[in-house]
Amino acid sequence: MPRLSFVFGLICFLTAAFADQITLSNGDRVTGAIVKKDGASLVVKSALMGEVTIKWADVKSVKTDEVVNVVVGDKTVQGKLETDGDRLAVVTATGRESAPLAEIAALRNAEEQRRYERYLDPPLTALWAGFFDIGFASTQGNARATTWTTSLTAARITSADKIRIYANQIYARAVINNTAATTARAIRGGWGYDRGLGPRAFLNLFNDYEFDRFQNLDLRFVTGGGAGYTLIKSERGQLSLLGGASYNRENFSIPVTPGNNVRNSAEAYWGDELSWKLSSVSSLRQSFRMFNNLTNGGEYRANFDLGLDTKLSKWLSWQGTFSNRYITNPAPGRKTNDVLISTGLRLSFAR
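Numbering (the working numbering), first residue to last: 3 to 353.
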């Protein structure tokens with residue numbers, strides 16, 4: 003037992019000896035590796051506690067054994083850090099530079115610096131991240147039924163704009179008394195583009211497509227644009243409100259007006275987008291759009307989507323989805339509401 007304590011103490015001593023050291027104004031000391039300073043917070047990765055976030059205003063001194071990228075004003079220098087009173091000194095390969103702690107705009111380790119530089123001028127193929135969902139249900143016995151749901155969502159986010167694409171489908175088939183029939187078949191997809199106008203305001207463009215066999219809907223084509231504002235923005239998530247105008251063209255397999263299978267309309271839309279971390283492993287996504295028909299007053303469409311996922315590993319999650327599509331003027335003989343509820347696995351990816 004004494005030998006084990008000695009080994010553990012030696013490991014702790016060596017870890018502290020070859021780690022960055024941050025001393026706080028109250029005398030506490032944090033050892034680890036500096037990840038980044040962004041705004042008013044310093045992130046340090048500790049071997050025992052993981053990532054620790056510290057208020058930069060509480061930092062009294064810093065000493066690093068690894069080279070760190072330091073941003074002061076519009077200048078970036080690389081070197082090891084030391085503290086001289088209330089000034090931070092950067093020991094570079096050619097000399098020594100210093101600046102007041104309060105004037106340090108950012109600190110980044112090598113990995114964070116590479117990630118930051120990718121955002122400055124990234125190619126269109128870079129920075130994509132998203133997930134693929136798959137759900138399956140089957141029953142056997144007096145009746146046999148099979149249901150498949152799949153979904154793909156991807157986004158490319160930079161400091162200036164955001165591109166997103168999505169596609170999802172449901173297919174269900176049942177066999178009763180040796181008679182087979184398709185009971186559900188729908189496909190939805192589209193893309194969107196947001197262009198930032200400042201820290202919170204943005205312009206919004208989108209294009210949606212929808213097919214639903216049991217709504218007699220061969221194709222709904224919607225394109226539009228407007229503006230939005232991010233009402234809440236924090237480390238846990240954000241809430242954005244948006245609105246604008248759109249054009250809707252619907253092609254049905256049966257006439258919706260005498261002798262006509264096509265319906266065109268102008269719309270005004272409004273809604274919200276919410277993404278929120280419920281815990282370190284669980285997160286929630288919610289989206290709502292109301293499309294008020296300007297061509298036929300009183301008619302409207304409403305889209306509502308809600309998703310919850312829980313991480314099982316870095317790339318694998320368990321997810322549940324609720325999706326509702328409501329329209330006041332469906333094809334003759336069809337219901338106004340379509341609801342999709344699914345659960346299954348989620349595979350995440352990033353580039």
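All C-beta atoms in this analysis are idealised placements derived from N, C-alpha and C, irrespective of residue type, glycine included.
Residue range of the beta strand (DSSP E) that includes residue i
{"i": "residue 301", "result": "Here residue 301 belongs to no beta strand (DSSP E), and DSSP marks it neither H nor E."}
{"i": "residue 122", "result": "Where residue 122 is concerned, there is no enclosing beta strand (DSSP E), although the alpha helix (DSSP H) it sits in stretches over 112-122."}
{"i": "residue 197", "result": "181-198"}
{"i": "residue 276", "result": "264-279"}
{"i": "residue 218", "result": "Segment: none, residue 218 is in no beta strand (DSSP E) and carries neither H nor E."}
{"i": "residue 136", "result": "130-141"}
{"i": "residue 99", "result": "98-102"}
{"i": "residue 91", "result": "89-93"}
{"i": "residue 63", "result": "61-65"}
Integer Cβ distance of residue i from residue j, believed to fall under 8 Å
{"i": "residue 244", "j": "residue 233", "result": "That belief does not hold up - the Cβ atoms of residue 244 and residue 233 are roughly 10 Å apart, past 8 Å."}
{"i": "residue 321", "j": "residue 309", "result": "6 Å"}
{"i": "residue 172", "j": "residue 44", "result": "Their Cβ separation, rounded to whole angstroms, is 47 Å, which puts residue 172 and residue 44 out of contact at 8 Å."}
{"i": "residue 226", "j": "residue 249", "result": "6 Å"}
{"i": "residue 277", "j": "residue 240", "result": "6 Å"}
{"i": "residue 68", "j": "residue 111", "result": "7 Å"}
One or two residues paired with residue i in a DSSP bridge
{"i": "residue 29", "result": "The partner list for residue 29 (beta bridge, DSSP) is empty, contrary to what the question assumes."}
{"i": "residue 227", "result": "207 and 247"}
{"i": "residue 161", "result": "Answer is none; residue 161 lacks a bridge partner."}
{"i": "residue 346", "result": "321"}
{"i": "residue 53", "result": "47"}
{"i": "residue 239", "result": "278"}
{"i": "residue 106", "result": "74"}
{"i": "residue 287", "result": "277 and 309"}
{"i": "residue 84", "result": "91"}
{"i": "residue 233", "result": "Partner(s): none; residue 233 has no beta bridge."}
{"i": "residue 150", "result": "138 and 173"}
CB contact flag (residue i, residue j, <7 Å)
{"i": "residue 30", "j": "residue 348", "result": "no"}
{"i": "residue 297", "j": "residue 268", "result": "yes"}
{"i": "residue 62", "j": "residue 25", "result": "yes"}
{"i": "residue 137", "j": "residue 346", "result": "yes"}
{"i": "residue 79", "j": "residue 99", "result": "yes"}
{"i": "residue 96", "j": "residue 82", "result": "no"}
{"i": "residue 218", "j": "residue 255", "result": "yes"}
Three-pair Cβ contact test at 8 Å for the stretch 281-293 versus the stretch 301-317: Touching, yes.
Cβ contact (3+ pairs, closer than 8 Å) linking the stretch 225-232 and the stretch 198-207: yes
Cβ contact check for the stretch 53-61 and the stretch 32-42: 3 or more pairs under 8 Å: yes
Cβ pair count under 8 Å reaching 3, the stretch 115-130 against the stretch 138-146: no
The stretch 312-321 touching the stretch 155-173, judged by at least three CB pairs closer than 8 Å: no
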